[in-house]
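For the sequence shown, this note's numbering assigns the number 100 to the initial residue and increments by one for each residue that follows. Every residue, glycine too, gets a C-beta built ideally from N, C-alpha and C. These numbers come from a predicted model, not from an experiment.
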Amino acid sequence: MTPDFVVSFSAEALKVSLIIAAPMLGFGLVIGVIVSMFQAVTSIQEMTLTFIPKILAVMASILIFFPWMIELMVSFTANIIINIPEYIR
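Quick look at the structure:
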């Protein structure tokens, strides 16, 4: 294994990780902004008001995107396992 291969492999693994995490982070961000705007308009400063909707949004995004995330992880892992002989050389 050359240093270039390790760098490209690490970059690909990081890219897949970020792609998998993006829907959950996006849902949490959007709900967080909406709840913060609601709190600013109504002057409600309750900490649990921001926490519960974000948890529910992230859980919903996991349920929605779970098949796609599993497919992406399985294809990435299968690609690694299939190419092990090439990686050893």
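- Task: Return yes when the Cβ of residue 153 is within less than 8 Å of the Cβ of residue 119, no when it is not.
- Result: no
- Between which two residues does the alpha helix (DSSP H) containing residue 123 stretch? 102–141
- Item | Exposed unless 16 or more other CB atoms sit within 10 angstroms - verdict on residue 156 | buried
- Query: Is residue 142 buried or exposed, if buried means 16 or more other CB atoms sit within 10 Å of its CB?
  - Reply: exposed
- Task: Check whether the Cβ atoms of residue 149 and residue 134 sit closer than 8 Å, and answer yes or no.
- Result: yes
- Message: Please tell me whether, using a cut-off of 7 Å, the distance from the CB of residue 134 to the nearest non-hydrogen atom of the ligand NAD is below it.
- Response: This structure simply doesn't include the ligand NAD, nor any ligand for that matter.
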